[in-house]
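Just below is one structure, and these are the notes that go with it.
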Amino acid sequence: MKIAVIGASGFIGYQVTKEALRKGHQVVGIFRRNAIPLEPNLELKKLTIFDEDIFKDAIKDSDVLIGCYNPGYYHVAQKERYLEGYSLIIKLAKELKKKLIIVIGATSLIQYDGELVKDGLVYPKPWIKALEGVDLVYQQFKNQTDNLLTFVSPPAEVFDGTLTKKYKYGKDHLLYDRDERSRISVQDLAHAIIQEAEENKYLNQRFTVAYQD
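Residue numbers are given in UniProt numbering: position 45 of the sequence shown equals residue 45, and the series is strictly consecutive.
Pasting the structure below:
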């Protein structure tokens, strides 16, 4: 399978790229600024997604697109840029008839007390704008059924750890472990994303993953 990772040099995007390569897939790694090491079966494309023709040409031969796009935490119109960027990615995926997996964050998940995660956020302003942006993307596109689209919501905490493959799946509720922490390593999150690319279990749905123990 050929997988295009949009935002391949980011925290999540880089691990998704590595996991796809580990599983034997061909990868097109799309990045805007910071390059990542070149490996066998990895084709790197330095571009901005807003050069639409160049971007479309870069992804047209891929079987699956994985969106880890981030306009940058200090973009002057971060919230709006998220929506603009993902609207373009979704449009092109639809035109090309490609499966698209978008990593959107945990803000729209429901906590154990029934409140949304976004209602209790206390973060620096740039982070809040980013989280509002990805939530806006989800709210605008979650009910579309004419795209081959899957949303992924990570748990509250994503950290650099190891690949365990020992996590559980959920849909709309924040998942917790026995210590009431909602967390997963970025390696296991990437594993779940590539599993979805391979198995296509959550078409036109959202899923989340986190540790249980």
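C-beta atoms are modelled at their ideal positions from N, C-alpha and C, and glycine is treated no differently.
- Under the DSSP definition of a beta bridge, which residues are partnered with THR208? DSSP, once it has assigned bridges, lists SER153 and GLY170 as partnering THR208.
- What is the residue span of the alpha helix (DSSP H) that PHE11 lies within? Looking at the DSSP string, the run of the alpha helix (DSSP H) that includes PHE11 is 11 to 22.
- Task: Check whether the Cβ atoms of GLN78 and GLY133 lie closer than 8 Å to each other.
- Result: Yes. Within cutoff.
- Query: In the region 74 to 126, which residue ranges form an unbroken alpha helix (DSSP H) of at least 4 residues, counting only runs that do not cross its ends?
  - Reply: Qualifying alpha helix (DSSP H) stretches, in chain order: 78 to 96.
- Task: Compute the distance between the beta-carbons of ILE104 and SER153, then report whether it is under 8 Å.
- Result: Against a cut-off of 8 Å, the Cβ pair of SER153 and ILE104 comes out as a contact.
- Which first and last residues belong to the alpha helix (DSSP H) in which LYS56 is found? From DSSP, the alpha helix (DSSP H) with LYS56 extends over 52 to 59.
- Should PRO155 go down as buried or exposed, given a rule of 16 or more other Cβ atoms within 10 Å for buried? By the 16-neighbour rule on beta-carbons within 10 angstroms, PRO155 is buried.
- Item | Helix, strand or coil at LEU44 according to DSSP, with G and I counted as helix | In the structure shown, LEU44 sits in a strand (DSSP, three-state: E or B).
- Compare the beta carbon distance of PHE151 and ARG81 with 8 Å and say whether it is the shorter of the two. With contacts defined by Cβ atoms closer than 8 Å, PHE151 and ARG81 do not form a contacting pair.
- Is GLY114 buried or exposed, if buried means 16 or more other CB atoms sit within 10 Å of its CB? With fewer than 16 other beta carbons inside 10 angstroms of its own, GLY114 counts as exposed.
- Message: Could you compute how far the alpha carbon of ALA210 sits from the alpha carbon of LEU88?
- Response: Approximately 29 Å, taken between the alpha carbons.
- Message: Comparing C-alpha positions only, which one of VAL137, GLU199, TYR167 and LYS166 sits nearest to CYS68?
- Response: Each of VAL137, GLU199, TYR167 and LYS166 was checked against the Cα of CYS68, and the nearest Cα belongs to VAL137.
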